[in-house]
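Each residue of the sequence shown is one higher than the last, beginning at 19 in this note's numbering.
Yeah, the Cβ is synthetic: ideal placement off N, Cα and C, and Gly gets one too.
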Amino acid sequence: MSLVKYRQDIQILRGVAVLLVVLYHVKMAGFDNGLLGVDVFFVVSGYLMALLYDKRSPSEFLLARLNRLVPAYAVVTVLTLVAAYFVTVPADFQQVSDQAAMGAGFLSNFYYWNQSSYFQSQDFNPLLNYWSLSVEVQFYLFVPFLFPLLRKRRALALGLFGLSLLLCLAVLTKSEKTAFFMLPTRMWEFLLGAFAAWYGQQESFRRGRLGAGFLGLLLAVVFLFPLSQGTQNIPLGHPSFAALVVTALTAGLLVTGLPRRFETSLPGRMLTRLGDISYSVYLVHFPVIVLVNYQPFGGTVLGYQQDLIELSLILGLTIGLAIPLYLFVERSRRFRAGKLVGLLPVALVLVAVSITAAELRMALLAPAERNIVAALTDNNQRRCPLSFRVLHPTEKLCRFGPADAQQTIALIGDSHAVSIRDSFVQQAGRHGFSTYFSASNLPLLDRRFPVSGMDDKLSDPQLAAVILHYRSTKFDVARNREKIAEFIRRSTERGVPVILLAPIPTYPDQIPKFMYASLTAGGRNMTGLQITDTQARVQNSAFWDFVDDLPKSDVTVIDPVDLLCAESACNYYDAALHPYYYDEHHLTLTGAAQLHAQFETILTQVAAQAGI
19 MSLVKYRQDI
29 QILRGVAVLL
39 VVLYHVKMAG
49 FDNGLLGVDV
59 FFVVSGYLMA
69 LLYDKRSPSE
79 FLLARLNRLV
89 PAYAVVTVLT
99 LVAAYFVTVP
109 ADFQQVSDQA
119 AMGAGFLSNF
129 YYWNQSSYFQ
139 SQDFNPLLNY
149 WSLSVEVQFY
159 LFVPFLFPLL
169 RKRRALALGL
179 FGLSLLLCLA
189 VLTKSEKTAF
199 FMLPTRMWEF
209 LLGAFAAWYG
219 QQESFRRGRL
229 GAGFLGLLLA
239 VVFLFPLSQG
249 TQNIPLGHPS
259 FAALVVTALT
269 AGLLVTGLPR
279 RFETSLPGRM
289 LTRLGDISYS
299 VYLVHFPVIV
309 LVNYQPFGGT
319 VLGYQQDLIE
329 LSLILGLTIG
339 LAIPLYLFVE
349 RSRRFRAGKL
359 VGLLPVALVL
369 VAVSITAAEL
379 RMALLAPAER
389 NIVAALTDNN
399 QRRCPLSFRV
409 LHPTEKLCRF
419 GPADAQQTIA
429 LIGDSHAVSI
439 RDSFVQQAGR
449 HGFSTYFSAS
459 NLPLLDRRFP
469 VSGMDDKLSD
479 PQLAAVILHY
489 RSTKFDVARN
499 REKIAEFIRR
509 STERGVPVIL
519 LAPIPTYPDQ
529 IPKFMYASLT
539 AGGRNMTGLQ
549 ITDTQARVQN
559 SAFWDFVDDL
569 PKSDVTVIDP
579 VDLLCAESAC
589 NYYDAALHPY
599 YYDEHHLTLT
609 GAAQLHAQFE
619 TILTQVAAQA
629 GI
């Protein structure tokens, strides 16, 4: 027997929320803000938990919640692993197995936080939707202990709500990933639902017409608000103002309810049925979309390929899998544990299956094939350690290499600088240098790290030199060229040498993807993407024009083309088929190692100037 009275309006809300999320992920026109459906789910969850938390002991409460979530969650995880095993290449399957293992402990939000961004797709993430379930389960852990304190202390509850909201907005300006994925920056959404349960139960508040207005306004925000996802902009970023408005309207609707006429209408009944299976739909829709759109080494591809047949396939598979999952797993009592400890084997089995399947898949590969697929892990994509970003959120530079180094070199640049950083740091350390590296993605080029952002370091006698390395396209923008030139002027005025590491060659397709396809086709046309050194320098023409305009004595220029291209041809793999790139234009660690001779030239020159 349910401990909370059934409310059709809540099921309608769930139906609206899951519909928004699914249509957002299939990239349906007009649903660009559909991700706000997750915020609706968080408010509904907070509302229900506020009504349930004191009906059982803390352990019984948590067991009931996990019994509700885990069976269907485990089934979808296993089915995704099985499908991915047969559909994906080993490097992509390794990512799926890692996600499944983290998901077994409801830690998916930490896994994806450790990646680049929810709104970028270079990683293969068919279980990305698990992040919100992890946040929800983490919330459940606090409910039995937190809610009794807040229920009778309104000032404390409002204070925690305000603190979480302010933390969310503050963190958003530094790390949109952290604001998006972490419970402390999402707690305010759950609390809005709790407030609706605690302070909105009076019968006089039940005004369905007002609730219909709230629903209309909620949809207006979803369809009309100029949300800018993945940015650090408080008015337009996410979660921020749009999420606040949507969650407040959701809480208001939970208080007022919906008109009975709408609940009994055809749209109301359809949304109710969708709300009934919303959890199963939410679980299966994302793996279905990503696996249907799968391209080897292609990352997470959402949407549909402008083909109504493919859209029908995605939606049909989603509903076709969600209904039996709901009927035979989610609603079934046979899969429910009697004690919390009974759920532990489920988690352990998921972890074991995930790890074993991935290792088996890699072990069965031929050496050349293994070398190619390893390119996706043979790289560095993180600027500064996570611990640094958390402990020093306002710092612009993190430091690598020997802690006792007396001299430091600053390596400044975009993601291309990230690609070479580990190799450079290791080599610089052998020369007695530590390395400064920018925490910002676009140092010198955006407001988070303006040209003046290095002024204090340029005045530091320990700074021996600055190396600048950007992708060639950055020099196509006149404003970027002006900012880099201004930084060079500031550096040379302070007596700090500047070395420009020219852009590396880029290619029209992902190198590992192309090489893997060539290898599986019998090894033919492995050099099909090859370009000449002349073509590589033409790619970099804006950079060389920029260099020509600089005072000749201001910089030293090193050209990676000299090492990555030999006998007029630029190569992108070694004799053992280790790719030098992990996509079209970022070097792997193996590729960065090809620049060691130039790093040695730079370091020897800087050491001589610094008297080391």
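Residues near residue i by beta carbon distance below 8 Å, same chain, minus five either side
| i | result |
| --- | --- |
| P314 | T106, V107, D110, K531, Y534, A535 |
| A119 | L368, V369, S372, I373 |
| F163 | P76 |
| A503 | F564, D567, L568 |
| R354 | N85, P89 |
| A594 | P385, A386, N389 |
Cβ-based neighbour list, residue i, same chain, cut-off 6 Å, excluding 5 preceding and 5 following
| i | result |
| --- | --- |
| V273 | A214, G218, F223 |
| Y590 | I529, Y598, Y599 |
| I620 | I517 |
| L55 | For clarity, residue 55 is Gly in the given sequence; the question names Leu instead. Same-chain partners within the cutoff: A35, L38, V39. |
| S441 | A610, A611 |
Pairwise C-alpha distance: residue j and residue i
| i | j | result |
| --- | --- | --- |
| N143 | A197 | 20 Å |
| A386 | D396 | 15 Å |
| G317 | Q140 | 4 Å |
| L38 | V391 | 36 Å |
| F179 | W206 | 5 Å |
| E618 | I430 | 18 Å |
| A615 | T574 | 16 Å |
| Q323 | F564 | 40 Å |
| Q627 | V516 | 12 Å |
| H487 | N389 | 27 Å |
| G33 | V469 | 49 Å |
| L235 | R86 | 31 Å |
| D478 | T453 | 14 Å |
| L254 | V436 | 28 Å |
| Q557 | R407 | 35 Å |
| M472 | L289 | 55 Å |
| T622 | C416 | 23 Å |
| M46 | G286 | 22 Å |
| L383 | R448 | 36 Å |
| P420 | Q444 | 9 Å |
| Q247 | R352 | 41 Å |
| K634 | A261 | The chain is shown from 19 up to 630; residue 634 falls before or after that span and cannot be answered. |
| Q399 | R439 | 10 Å |
| N132 | L409 | 16 Å |
| A625 | D527 | 39 Å |
Selection from the options that minimises the alpha carbon distance to residue i
| i | options | result |
| --- | --- | --- |
| N147 | E413, I28, G121, M288 | G121 |
| H434 | P461, P202, Q425, E585 | P461 |
| I522 | Q156, T412, I549, D422 | I549 |
| C588 | R25, A594, V579 | V579 |
| Y65 | D422, W216, V565 | W216 |
| S330 | D50, L415, V310 | V310 |
| G450 | D432, Q424, G231 | Q424 |
| A554 | V495, E511, A593, R489 | R489 |
| V94 | T336, Y24, D577 | T336 |
| E511 | P411, A483, V495 | A483 |
Check whether residue i and residue j have beta carbons under 8 Å apart
| i | j | result |
| --- | --- | --- |
| D27 | L276 | yes |
| A92 | V58 | no |
| A446 | C402 | no |
| A68 | F165 | yes |
| G293 | L31 | yes |
| F418 | F455 | yes |
| V514 | L481 | yes |
| F124 | V155 | yes |
| N51 | V319 | no |
| V62 | T265 | no |
| L209 | A173 | no |
| S663 | W149 | This structure leaves residue 663 out entirely; the chain is present only between 19 and 630. |
| L547 | L581 | no |
Own chain partners of residue i with C-beta closer than 7 Å, once the 5 adjacent residues on each side are dropped
| i | result |
| --- | --- |
| S258 | L187, L190, I252 |
| V88 | L361, V364 |
| D551 | V579, C583, S586, C588 |
| F561 | S490, F493, A520, P521 |
| N498 | L463, K492 |
| F280 | A230, G286 |
| V263 | V239 |
Within-8 Å CB hit, residue i to chain B
| i | result |
| --- | --- |
| L343 | Absence of chain B from the displayed structure is noted, only one protein chain being present. |
Rounded distance between the beta-carbons of residue j and residue i, thought under 8 Å
| i | j | result |
| --- | --- | --- |
| S296 | A90 | With 8 Å as the limit, S296 and A90 do not qualify as a contact, their Cβ atoms being about 12 Å apart. |
| K501 | A428 | Rounded, the Cβ-Cβ distance is 16 Å, inconsistent with contact. |
| S115 | L99 | 7 Å |
Any non-hydrogen atom of the ligand MG closer than 7 Å to residue i Cβ
| i | result |
| --- | --- |
| N251 | As for the ligand MG, it is missing from this structure, which has no ligand bound. |
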